[in-house]
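Visitor: Under the numbering used here, the first residue of the sequence shown carries the number 96, and numbering increases by one thereafter.
Note that the Cβ used here is the ideal one computed from N, Cα and C, for glycine as well.
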Amino acid sequence: MAMCIKRGKKCMKGSTFVRWGRTSCDGTKSSLVYTGFMTGPTHTARGSGSNYLCLSSNPQTKSFPADWNTAPGHLYGIGWELTGIDRSKSSNHVDDKDVPCAVCLTKGKTSLMIPGRTSCYAGWTHEYTGFLVSVRTESGFASTEYVCADADPESQGSTNYNQGIISFVEVRCGSIPCSKYRNKTKLSCVVCSK
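#1: Please tell me whether cysteine 106 and arginine 114 are closer than 8 Å, where the distance is taken between their beta carbons.
#2: If you drop the 5 nearest sequence neighbours on each side, which residues of the same chain put their C-beta closer than 6 Å to that of serine 145?
#3: Look at arginine 212 and serine 283 and say whether their C-beta atoms are less than 8 Å apart.
#4: Contact between the region 195-203 and the region 124-135: three or more CB pairs below 8 Å?
#5: So, using beta-carbon positions, are threonine 264 and leucine 207 closer together than 8 Å?
#6: Report yes if the C-beta distance between glutamate 222 and phenylalanine 132 is below 8 Å; otherwise report no.
#7: On the DSSP bridge list, what partners appear for cysteine 284?
#8: Buried or exposed, going by whether 16 or more other CB atoms sit within 10 Å of the CB of serine 186?
#9: Rank Pro160, Gln155, Val194, Arg117 by C-alpha distance to the C-alpha of threonine 134 and give the top, closest one.
#10: How far does the beta strand (DSSP E) with proline 195 in it extend, from its first residue to its last?
#11: Short check: CB of glycine 225 to CB of alanine 244, under 8 Å?
#12: Can you tell me whether proline 272 is buried or exposed, with buried defined as 16 or more other CB within 10 angstroms of its CB?
#13: So, with DSSP's three-state summary, where would you put serine 152?
#14: Assuming contact is defined by CB atoms lying nearer than 8 Å, are tyrosine 171 and threonine 118 in contact in what I supplied?
Following this line, the structure appears as structure tokens:
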């Protein structure tokens, strides 16, 4: 989605993407809009939203009348649940810790997440490579979107309250052709801009 983000009196035009699992847009041709915390639904309850949000680490609040919402939706911090991650490729031990995020602006461009790839198609600029994650299948309740978590993830905070958990996504063959994808294989992903 093209947008204008004000920086002083200047308008920076472009599109945004979220770099899940990192606090910067480094290594890209993008600029940082803000950093925050990965948030979404708990993995043990029904209701509320199903998408993940990058909640700003610099909040501003507004008062609402007490009687506006007697049954509000809930937003929880999301934690890493990544058993089997290759620690040699990750600078930090992130399992069971909170997931940071960075909202990045690509100037004058559009961005795209491609699941099942590690490189961009011709004519596209590589922003970052990662692995596909979503809520754990065994949760039995919540469904969430699939997002591309950075291949070199960071953690935020030292405690994970297991309110919301993300895990690797695996291919299940059937309608997905096994001639191209191996059954029970974790999926890579790449974020590209153009």
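Guide: Result, derived from the coordinates:
#1: Position 11 of the sequence shown holds residue 106. Position 19 of the sequence shown holds residue 114. Not in contact: cysteine 106 and arginine 114 (Cβ atoms no closer than 8 Å).
#2: Here residue 145 is taken as the residue at index 50 of the sequence shown, counted from 1. If we look at serine 145 and ignore the five residues flanking it on each side, its Cβ neighbours are Ser238, Thr239.
#3: Indexing the sequence shown from 1 puts residue 212 at position 117. Indexing the sequence shown from 1 puts residue 283 at position 188. A contact, by the Cβ cut-off of 8 Å.
#4: The region 195-203 makes contact with the region 124-135; the number of CB pairs closer than 8 Å reaches 3 or more.
#5: Within the sequence shown, the letter at position 169 stands for residue 264. Within the sequence shown, the letter at position 112 stands for residue 207. Per the sequence shown, residue 264 should be read as valine rather than threonine. The Cβ atoms of valine 264 and leucine 207 lie no closer than 8 Å to each other.
#6: One-based indexing of the sequence shown puts residue 222 at position 127. One-based indexing of the sequence shown puts residue 132 at position 37. No, they are not a contact pair.
#7: Here the question's residue 284 lines up with position 189 in the sequence shown. Its beta-bridge partners are Pro210, Gly225.
#8: Sequence index remark: in the sequence shown, residue 186 carries index 91 (1-based). Note that serine 186 scores 49 on pLDDT, short of 50, meaning its location in the model is unreliable and no value can be drawn from it.
#9: By 1-based counting over the sequence shown, the position of residue 134 is 39. Taking each of Pro160, Gln155, Val194, Arg117 in turn and checking the Cα distance to threonine 134, the smallest one comes out for Val194.
#10: Taking the sequence shown and counting its residues from 1, one reaches residue 195 at position 100. In the DSSP annotation of this structure, the continuous segment of the beta strand (DSSP E) that includes proline 195 starts and ends at 195-202.
#11: For this step, residue 225 is matched to residue 130 along the sequence shown. For this step, residue 244 is matched to residue 149 along the sequence shown. Yes, they are a contact pair.
#12: For the purposes of this step, residue 272 is taken as the residue at position 177 of the sequence shown. Taking all protein chains shown into account, proline 272 has fewer than 16 neighbouring C-beta atoms within 10 Å of its C-beta and is therefore exposed.
#13: Position 57 of the sequence shown holds residue 152. In this structure, serine 152 counts as coil in the three-state DSSP scheme.
#14: The residue you call residue 171 lines up with position 76 of the sequence shown. The residue you call residue 118 lines up with position 23 of the sequence shown. Cβ distance not < 8 Å, so tyrosine 171 and threonine 118 don't count as in contact.
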